[in-house]
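Step one of this worksheet: look at the structure below.
In the numbering used here, the protein residues as written are 75 to 199.
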């Protein structure tokens, strides 16, 4: 089973394209090696992957292989989240900080603001 398809099927990424982009950036790893979006998955494999938005890296173990996107309840059975609690805490703080909007930073972002947001997400340099 392809890695990008599985990441999308278990709802770790909103679209398959975002899952492929995360793999292409070299931030999806298993046992210290970078994985491509076409990498084949095996049950029991442990992976490190970036959150689609914001800081941090989650750790996930493959428990089952899914061919197509399923409900969130079934998706939980196919993967096990092994993310350390300190990463979860830093994400919570980041969400709180982000939710407090700054003056003049409302509505649709400008092209410049959008580029800054994408840099902060870690997919682009």
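We put the CB at the ideal spot given by N, CA and C, even for glycine. No experiment lies behind these values; they were computed from the predicted model shown.
Restricting to Cα atoms, I'd like to know which of the options is closest to residue i.
{"i": "residue 131", "options": "138, 114, 141 and 96", "result": "96"}
{"i": "residue 134", "options": "193, 189 and 84", "result": "84"}
{"i": "residue 117", "options": "140, 188 and 92", "result": "140"}
{"i": "residue 112", "options": "81, 87 and 138", "result": "81"}
{"i": "residue 88", "options": "184, 145, 160 and 114", "result": "145"}
{"i": "residue 162", "options": "121, 189 and 125", "result": "125"}
In the DSSP output, which residue or residues are listed as bridge partners for residue i?
{"i": "residue 108", "result": "103"}
{"i": "residue 114", "result": "76"}
Using beta-carbon positions only, say whether residue i and residue j come within less than 9 Å of one another.
{"i": "residue 103", "j": "residue 90", "result": "no"}
{"i": "residue 127", "j": "residue 195", "result": "yes"}
Near residue i, which residues of its chain fall below 6 Å by C-beta distance, leaving aside the five closest residues on each side in sequence?
{"i": "residue 119", "result": "104 and 136"}
{"i": "residue 154", "result": "135 and 137"}
What residue ranges within the stretch 117-173 form continuous alpha helix (DSSP H) runs of no fewer than 4 residues, ordered along the chain? 146-152 and 159-173
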